[in-house]
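For the sequence shown, position 142 (counting from the first letter as 1) is numbered 142 according to this note's numbering, and the numbering increases by one without interruption. Cβ coordinates follow ideal geometry from the N, Cα and C atoms, glycine included. Everything numeric in this text was worked out from a predicted model, so none of it was measured.
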Amino acid sequence: MSRVQTDAKLMDKLVSLCKRRGIIFQSSEIYGGINSCWDYGPVGVELKNNIKRFWWKHMVYLHENIEGLDASILMHPRVWEASGHVESFTDPLVDCKQCKRRFRADMVEDERCPECGGELTEARQFNLMFKTYMGPVEEEANIVYLRPETAQGIYVNYLNVMKAARQKIPFGIAQIGKAFRNEITPGNFIFRMREFEQMEMQFFVKPGTDGEWFEYWKEKRMEWYDLLGVRREKRRFHEHGPDELAHYAKAAFDIEYEFPFGWQELEGIHNRTDFDLKRHMEYSGKDLTYFDEATRERYIPYIIETSAGVDRTLLTVLVDAYDEEEVRGEKRVVLRFAPHIAPVKVGVFPLVKRDGMPELARKIVDMLRPRMTVFYDESGAIGRRYRRQDEIGTPFCVTVDSQSLEDQTVTVRERDSMQQERVAIDRLRDYLEEKIGDP
Ligand code: ATP
Numbered sequence: 001m002s003r004v005q006t007d008a009k010l011m012d013k014l015v016s017l018c019k020r021r022g023i024i025f026q027s028s029e030i031y032g033g034i035n036s037c038w039d040y041g042p043v044g045v046e047l048k049n050n051i052k053r054f055w056w057k058h059m060v061y062l063h064e065n066i067e068g069l070d071a072s073i074l075m076h077p078r079v080w081e082a083s084g085h086v087e088s089f090t091d092p093l094v095d096c097k098q099c100k101r102r103f104r105a106d107m108v109e110d111e112r113c114p115e116c117g118g119e120l121t122e123a124r125q126f127n128l129m130f131k132t133y134m135g136p137v138e139e140e141a142n143i144v145y146l147r148p149e150t151a152q153g154i155y156v157n158y159l160n161v162m163k164a165a166r167q168k169i170p171f172g173i174a175q176i177g178k179a180f181r182n183e184i185t186p187g188n189f190i191f192r193m194r195e196f197e198q199m200e201m202q203f204f205v206k207p208g209t210d211g212e213w214f215e216y217w218k219e220k221r222m223e224w225y226d227l228l229g230v231r232r233e234k235r236r237f238h239e240h241g242p243d244e245l246a247h248y249a250k251a252a253f254d255i256e257y258e259f260p261f262g263w264q265e266l267e268g269i270h271n272r273t274d275f276d277l278k279r280h281m282e283y284s285g286k287d288l289t290y291f292d293e294a295t296r297e298r299y300i301p302y303i304i305e306t307s308a309g310v311d312r313t314l315l316t317v318l319v320d321a322y323d324e325e326e327v328r329g330e331k332r333v334v335l336r337f338a339p340h341i342a343p344v345k346v347g348v349f350p351l352v353k354r355d356g357m358p359e360l361a362r363k364i365v366d367m368l369r370p371r372m373t374v375f376y377d378e379s380g381a382i383g384r385r386y387r388r389q390d391e392i393g394t395p396f397c398v399t400v401d402s403q404s405l406e407d408q409t410v411t412v413r414e415r416d417s418m419q420q421e422r423v424a425i426d427r428l429r430d431y432l433e434e435k436i437g438d439p
């Protein structure tokens with residue numbers, strides 16, 4: 001199998017495949033689109049849900065000491081003062097004096113406009129939080145922010161969750177939800193968006209044990225991408241040097257992926273110390289210390305954070321899975337997703353539209369549908385039907401032919417090898433479930 005795809009046009013091909021096959025559409029397309037907002041189509045939403053479900057399984061269900069949470073997007077404005085976002089969630093911004101375009105100063109290379117070569121203004125700080133108003137009066141006192149990260153909803157709820165779930169330190173809280181950032185230079189498809197989704201887990205530990213837990217989560221998170229089916233050789237750790245560390249962090253590693261546009265951050269693992277809880281204690285006036293019954297000690301927990309983007313993970317999965325090959329003189333485009341995250345698990349086809357084949361194929365669909373996502377297709381040559389499923393990464397296609405009517409077996413064609421095997425219909429569901437797996 002050839003999984004080499006060094007083509008610089010890969011991003012263009014992916015964008016057009018995503019549109020054509022209902023994976024991702026430009027938001028508000030009929031109005032000319034809105035920059036950096038994207039909509040997930042019927043196939044894309046399945047892929048996205050599968051990624052989120054798989055993260056949730058590995059973070060929440062497989063850890064007795066991690067609880068889930070779904071906090072609101074709008075929060076008390078003081079939260080963002082305490083977190084440091086009002087003051088320092090900024091990027092340096094430069095304007096081009098000639099074409100008026102804006103750029104992040106740290107992304108401009110030779111102090112000239114990357115678009116027209118014009119002269120740039122001095123850098124000034126631009127806050128990335130979206131502001132809106134709560135209630136019917138648009139005045140300063142009613143400003144609220146769309147959260148730029150999901151983490152703060154976890155911090156302000158940590159005692160609620162701990163008490164309600166009867167957890168003790170060390171324990172974690174996981175959350176998946178939307179975040180908003182008014183990025184200066186969004187782009188690269190869904191890599192940098194202004195509205196996106198995060199999967200964050202905040203792990204509360206005793207100070208002094210934070211180093212160990214940091215290492216633990218760093219390794220765990222790297223492993224998760226193996227299970228997701230993303231190639232290890234395309235991933236690496238990047239350690240933040242002293243000049244890169246965020247205001248809250250004692251140590252930080254990014255998991256990076258080699259995208260067609262270079263190595264870029266996929267997920268951040270941060271040791272946030274007691275910065276956040278300390279600040280929330282200060283700004284709210286509430287006691288957020290933890291009392292350890294066993295040792296009779298009271299302390300402010302340290303926090304190890306794992307912060308990943310849903311959309312960025314989805315882009316990684318797409319880029320990593322995309323492949324093209326020549327099959328009998330024709331180009332075959334195939335998304336080689338790990339079967340457990342594939343949007344459609346199985347395509348079911350009658351070989352021809354007569355002799356009772358569609359009826360039997362429909363029966364098979366009914367049998368499989370409660371357990372997996374199925375796509376029924378009876379139109380066009382069988383080869384074309386296979387190609388359509390390859391393009392959305394469907395791992396298995398089941399074909400009902402004339403032999404099926406005689407002996408109650410079907411052919412199962414596997415996406416990557418294109419090998420076909422005959423399987424008895426009464427064994428089919430178990431056969432597929434076993435192959436699809438869910439590590
Ligand atoms: P960058 O330096 O690239 O702006 P960041 O370091 O600010 O990113 P974090 O605040 O650590 O990013 O966010 C955690 C994760 O959330 C990122 O690893 C990424 O997967 C995702 N993420 C952050 N910003 C965006 C965005 N604008 N669009 C899509 N995903 C994002």
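For this session: Verify whether the separation of the beta carbon atoms of L93 and A82 is less than 8 Å.
Result: To locate residue 93, count along the sequence shown from 1; it is residue 93. To locate residue 82, count along the sequence shown from 1; it is residue 82. Taking 8 Å as the Cβ cut-off, L93 and A82 do not qualify as a contacting pair.
For this session: Excluding the 5 residues preceding and the 5 following V400 in the sequence, name in chain order all residues of the same chain whose CB lies nearer than 6 Å to its CB.
Result: Position 400 of the sequence shown holds residue 400. Hits under 6 Å: P350, M357, L360, A361, V410.
Exercise. If you run the structure through DSSP and keep just helix, strand and coil, what is Y248?
Worked result: Residue numbering aside, residue 248 sits at position 248 when the sequence shown is read from its first letter. Here Y248 sits in coil by DSSP.
For this session: May I ask you to report which of helix, strand or coil DSSP gives G347?
Result: In the sequence shown, the residue the question calls residue 347 occupies position 347. If DSSP states are grouped into helix, strand and coil, G347 belongs with the strands.
Exercise. Which residues in the same chain as K13 place their Cβ atom closer than 6 Å to its Cβ, once the five residues preceding and following it in sequence are excluded?
Worked result: On the sequence shown, position 13 is the one that residue 13 refers to. Closer than 6 Å at the Cβ level, and outside the excluded window around K13, lies no residue.
Problem set entry | Inter-residue Cα distance where the pair is A165 and P148 | Locating residue 165 in the sequence shown gives position 165, where the first residue counts as 1. Locating residue 148 in the sequence shown gives position 148, where the first residue counts as 1. Spanning the two alpha carbons is a distance of roughly 27 Å.
For this session: Note down, one range per segment and in chain order, each alpha helix (DSSP H) of at least 4 residues found wholly within the segment 112–171.
Result: 151–155, 158–164
Exercise. Closer than 7 Å: is that where the CB of G68 sits relative to any heavy atom of ligand 1?
Worked result: On the sequence shown, position 68 is the one that residue 68 refers to. Answer for G68: no, Cβ out of range of ligand 1.
Exercise. What are the partner residues of H238, as DSSP defines its beta bridges?
Worked result: The residue given as residue 238 occupies position 238 in the sequence shown. BP columns for H238 point to D254.
For this session: Find the nearest neighbour of P339 within the set V230, D70, F259, judged by alpha-carbon distance.
Result: For the purposes of this step, residue 339 is identified with residue 339 of the sequence shown, where counting begins at 1. The shortest C-alpha separation from P339 is found at V230.
Exercise. Could you give the distance in angstroms between the alpha-carbon of G383 and the alpha-carbon of T373?
Worked result: Position 383 of the sequence shown, counting from 1, holds the residue named residue 383. Position 373 of the sequence shown, counting from 1, holds the residue named residue 373. Cα-Cα distance, rounded: 21 Å.
For this session: Determine the extent of the alpha helix (DSSP H) in which M281 is found, giving its start and end residues.
Result: Taking the first residue of the sequence shown as position 1, residue 281 is located at position 281. Run containing M281: 275–284, per the alpha helix (DSSP H) assignment.
Exercise. Q5 by DSSP, collapsed to three states: which one?
Worked result: As a working note, residue 5 is residue 5 in the sequence shown. Per-residue confidence for Q5 stands at a pLDDT of 46, beneath the threshold of 50, marking its modelled position as unreliable; no derived number is given.
For this session: Look at the Cβ atom of F180, then the Cβ atom of E195, and state whether they are nearer than 8 Å.
Result: One-based indexing of the sequence shown puts residue 180 at position 180. One-based indexing of the sequence shown puts residue 195 at position 195. In this structure, E195 lies closer than 8 Å to F180 by Cβ.
Exercise. For H280, which residues from the same chain have a beta carbon less than 7 Å from its beta carbon, with the 5 sequence-adjacent residues on both sides left out?
Worked result: Position 280 of the sequence shown, counted from the first residue, corresponds to residue 280. Excluding sequence neighbours, H280 sits near A82, Y155, V156, L288.
For this session: Grab the span of the alpha helix (DSSP H) containing V317 for me, first residue to last.
Result: As a first step, residue 317 must be located in the sequence shown, where it is residue number 317. Where V317 is concerned, the enclosing alpha helix (DSSP H) stretches over 310–321.
Problem set entry | Cutoff 8 Å: G356 Cβ touching any chain B Cβ | Among the protein chains of the structure shown there is no chain B, as only one such chain exists.
Problem set entry | Burial state of K131, where buried means 16 or more other Cβ atoms lie within 10 Å | On the sequence shown, residue 131 is found 131 positions in, with the first residue counted as 1. It is exposed - the Cβ of K131 has fewer than 16 other Cβ atoms within 10 Å.
Exercise. Are there 16 or more other CB atoms within 10 angstroms of the CB of K345, so buried, or fewer, so exposed?
Worked result: Counted from its first residue, the sequence shown places residue 345 at position 345. Buried: at least 16 other Cβ atoms inside 10 Å.
For this session: May I ask you to list the residues that DSSP assigns as paired with K331?
Result: As a working note, residue 331 is residue 331 in the sequence shown. DSSP, once it has assigned bridges, lists E326 as partnering K331.
Exercise. Shortest alpha-carbon distance to M75 belongs to which of Y133, Y248, I169?
Worked result: Along the sequence shown, one-based indexing puts residue 75 at 75. Ranking Y133, Y248, I169 by Cα distance to M75 puts Y133 first.
Exercise. Relative to ligand 1, is the shortest distance from any of its heavy atoms to the C-beta of Q198 smaller than 7 Å?
Worked result: Counting from one through the sequence shown, the residue named residue 198 turns up at place 198. Yes - ligand 1 has a heavy atom lying nearer than 7 Å to the Cβ of Q198.
Exercise. Could you give the C-beta distance for R422 and F396, rounded to a whole number, given that I count them as a contact under 8 Å?
Worked result: Locating residue 422 in the sequence shown gives position 422, where the first residue counts as 1. Locating residue 396 in the sequence shown gives position 396, where the first residue counts as 1. With 8 Å as the limit, R422 and F396 do not qualify as a contact, their Cβ atoms being about 13 Å apart.
Problem set entry | Own chain, CB closer than 8 Å to L69, minus 5 neighbours either side, in chain order | On the sequence shown, position 69 is the one that residue 69 refers to. So the qualifying residues of the chain are G153, I154, N157, V161, I173, A174, Q175.
For this session: Enumerate, from N- to C-terminal direction, the unbroken alpha helix (DSSP H) stretches of 4 or more residues contained entirely within the segment 27–111.
Result: 42–56, 77–82, 85–88
Exercise. Among K250, R272, D426, which residue has its Cα nearest to the Cα of D407?
Worked result: What you label residue 407 is simply residue 407 of the sequence shown in a count that begins at 1. Comparing Cα-Cα distances from D407 to each of K250, R272, D426, the minimum goes to D426.
Exercise. Ligand 1 heavy atoms versus the CB of R124: any closer than 7 Å?
Worked result: By one-based count along the sequence shown, residue 124 stands at place 124. No, ligand 1 has no heavy atom inside 7 Å of this Cβ.
Problem set entry | Element boundaries [beta strand (DSSP E), containing D243] | Here residue 243 is taken as the residue at index 243 of the sequence shown, counted from 1. First-last for D243: undefined, no H or E at that position.
Exercise. Would you call V352 buried or exposed, if buried means 16 or more other Cβ atoms sit within 10 Å of its Cβ?
Worked result: Taking the first residue of the sequence shown as position 1, residue 352 is located at position 352. Counting Cβ neighbours within 10 Å, V352 comes out exposed, since fewer than 16 surround it.
Problem set entry | Residue closest to R336, alpha-carbon to alpha-carbon, out of T273, L228, S307 | On the sequence shown, residue 336 is found 336 positions in, with the first residue counted as 1. Cα-wise, what sits closest to R336 is L228.
For this session: Could you tell me whether the segment 186–195 touches the segment 209–226, where touching means 3 or more Cβ pairs closer than 8 Å?
Result: no
Exercise. Quick one: Cα of L368 to Cα of R429, how far?
Worked result: Stepping through the sequence shown from its first residue, residue 368 is reached at position 368. Stepping through the sequence shown from its first residue, residue 429 is reached at position 429. When rounded, the distance between both Cα atoms is 6 Å.
Problem set entry | Beta-carbon spacing of I341, F89 below 8 Å | As a position in the sequence shown, residue 341 is number 341, starting the count at 1. As a position in the sequence shown, residue 89 is number 89, starting the count at 1. Cβ atoms of I341 and F89: not closer than 8 Å.
For this session: Going by CA-CA distance only, name the one from R354, S379, R385 that's closest to V334.
Result: Numbered from its first residue, the sequence shown carries residue 334 at position 334. Selected option, being the one with the closest Cα: R385.
Problem set entry | Collapsed DSSP secondary structure at A361 in the structure displayed | Along the sequence shown, read from residue 1 onward, the residue named residue 361 stands at position 361. Helix.
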